[in-house]
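My numbering numbers the first residue of the sequence shown as 11 and each following residue consecutively.
Idealized CB from N, CA, C, for every residue including glycine.
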Amino acid sequence: VLFQARAASSASLVGRFSSFQSDTMTYYGPDTIKLMGGISGGIMSNLTGIPFDRFRVLVAQDTLSSVSVMGHLKETFASPKAAFIGGFARIGMKQMATTLNLYVPPDFREKNP
């Protein structure tokens, strides 16, 4: 009896999920889902990439290995504000590169690197 109750409840959950999924797919078209996925991916990429860029720079600049890698990681996450200030420069550079790639003709870029 207990098994039958669990099977019935799981079947109703599957039914609810599949109806939710079809309603969601009807409400949001494939292009909207792709766009939202791209935006979400970009946000997550920058949220994780910005602090680890700072970590990478700290490790690369420590040519004498005076601080352990764990020390650099602690320093990176001790001041997230400092990491994200550098992140705005990172995002700005990406925007500038994208703009140049879109607006400058390829033949001009080849002649003038």
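#1: So, at 6 Å on beta carbons, what are the nonlocal neighbours of Pro-61 in its own chain, with the 5 sequence-adjacent residues on each side left out?
#2: Measuring straight from C-alpha to C-alpha, what distance separates Ala-88 and Met-54?
#3: Give the straight-line distance between the Cα atoms of Lys-84 and Lys-121, rounded to the nearest whole angstrom.
#4: Contact check, Arg-64 vs Gly-96 under 8 Å by CB: the rounded distance?
#5: Which full runs of the alpha helix (DSSP H) of 4+ residues lie inside the stretch 24-88, going along the chain?
#6: Within 10 Å of its beta-carbon, does Ala-15 have 16 or more other beta-carbons around it, so buried, or fewer, so exposed?
Quick answer:
#1: As a first step, residue 61 is located in the sequence shown; it is residue number 51 there, counting from the start. Once the five neighbours on either side are set aside, the close Cβ partners of Pro-61 are Thr-86, Ala-93.
#2: Start at 1 with the first residue of the sequence shown, and residue 88 comes out as number 78. Start at 1 with the first residue of the sequence shown, and residue 54 comes out as number 44. So the alpha carbons of these two residues sit roughly 20 Å apart.
#3: Here residue 84 is taken as the residue at index 74 of the sequence shown, counted from 1. Here residue 121 is taken as the residue at index 111 of the sequence shown, counted from 1. Roughly 45 Å separates the two Cα atoms.
#4: Position 54 of the sequence shown, counted from the start, is the residue given in the question as residue 64. Position 86 of the sequence shown, counted from the start, is the residue given in the question as residue 96. Contact holds; Cβ gap of about 6 Å.
#5: Within the stretch 24-88, the complete alpha helix (DSSP H) runs of at least 4 residues are 40-71, 79-88.
#6: Numbered from its first residue, the sequence shown carries residue 15 at position 5. For Ala-15, the pLDDT reaches just 45, beneath the cut-off of 50, and the residue's location in the model is therefore unreliable, although a value from the coordinates is still provided. Taking a 10 Å sphere around the C-beta of Ala-15, we find fewer than 16 other C-beta atoms and assign the residue as exposed.
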